[in-house]
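Working notes, structure below.
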Amino acid sequence: MAETTLFELVSPERLILSKDVSMVVVPGSEGLFGVLPRHTSMLSALAPGVVDIYEEDLITERLFVVNGFAEVTGDRCTVLAEDVIPIEELNPDELEKKIEEMRVDARNASDKEADRLNGLLAQKEVVLQAMRAAKPE
């Protein structure tokens, strides 16, 4: 049997996944990185994107994550994500509608509130772009 590493995916509400895998590819803030057994320890912020989970040489699961961080040790990779969405459930059109509603709210808001909403809009637009890139055709 091939060597494995423990992969755990956690959202604020619950443990979503815990299994031994041959490799996991994570969307870090500095780009994608792969985690194999005996990986050097590291900590990385997440970028919105897809986590690919490998068993043997095949991708067995793909999940979209939003914000959070990954902790890697020699025997495990733990991803703590603000939100986790199965690829087949991604709905960029719905997010785009929410962004449009937020734009209207920002235009009608006070300066301070508009600044806050514009910051949130920028974050949502990054997530939307990552969703569009990840959405299967």
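Numbering-wise (numbering that gives the first Met the number 0), the sequence shown opens with residue 0 and increments by one. Don't be surprised by glycine CBs; every beta carbon is placed ideally from N, CA and C.
- In the displayed model, D114 falls within a helix according to three-state DSSP.
- Along the length of the stretch 49-88, whole beta strand (DSSP E) runs at least 3 residues long occupy 57-72 and 75-85, reported in chain order.
- Of the residues G33, E112, A113 and V83, the one whose Cα lies closest to the Cα of E12 is V83.
- Distance from the CA of E124 to the CA of R61, rounded to the nearest whole angstrom, comes to 21 angstroms.
- Beta-bridge partners assigned by DSSP to M130: none are found.
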